[in-house]
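All remarks here apply to the structure that follows.
Residue numbers (our numbering): 3 to 198.
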């Protein structure tokens, strides 16, 4: 089972993209397809970000090794879906019109937070390899990758401000994200107390 966890996780991460593709070719996305695709891709990205952040607490609390084995994979897929989410917005929704995009970003706080989240995920995706870890040195690399917790916070507010009445599952995942971020803060504080 341990040997299969990575391919199983990979297949599971591919399912949303396949499902969206099948939906596009068959039943479609209703009266406002761009909004539906945007929302679905954003939701998938948020869930994968939460699952990525859950890997370390799961290892610490339950003494499981497999979450760490799939953490990078989940992070990579999170960025993949974040890129699809962004491309859907700038391409299909805004037609690659830079003026309209800038205007929209400045007008809507949730879009600004979404852009900020993507910009934080970008260097994490680029430097996610062992080669980059060696180039930066483990301490600097680890410090950089703590940005993922900030990204978790901005992604949560992006979702919260996006909908006047958020879906129940969205609120549940936001609660999960809040618990994960709080767990990280407590763990960091505990380590500092032990080191002092």
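We put the beta carbon where it would ideally sit given N, CA and C, even for glycine. Being a predicted model, the structure only gives us computed values, none of them experimental.
Pair within 8 Å by beta-carbon distance, residue i and residue j
i: residue 105; j: residue 163; result: no
i: residue 55; j: residue 154; result: yes
i: residue 36; j: residue 90; result: yes
i: residue 81; j: residue 11; result: no
i: residue 64; j: residue 161; result: no
i: residue 122; j: residue 92; result: no
i: residue 43; j: residue 83; result: yes
Inter-residue Cα distance where the pair is residue i and residue j
i: residue 174; j: residue 41; result: 16 Å
i: residue 22; j: residue 7; result: 24 Å
i: residue 59; j: residue 101; result: 42 Å
i: residue 172; j: residue 13; result: 23 Å
i: residue 143; j: residue 32; result: 44 Å
i: residue 178; j: residue 191; result: 20 Å
Of the listed residues the options, nearest to residue i (C-alpha basis)
i: residue 46; options: 76, 35, 71; result: 76
i: residue 113; options: 129, 30, 79, 158; result: 158
Min CB distance residue i to chain C below 8 Å
i: residue 37; result: Although the question refers to chain C, the structure presented lacks it and comprises just one protein chain.
Continuous alpha helix (DSSP H) stretch holding residue i: start and end
i: residue 199; result: This structure gives no information on residue 199, because the portion of the chain shown stretches from 3 to 198.
i: residue 168; result: From DSSP, residue 168 is part of no alpha helix (DSSP H); its letter is neither H nor E.
6 Å Cβ shell around residue i - same chain, five flanking residues per side excluded
i: residue 88; result: 120
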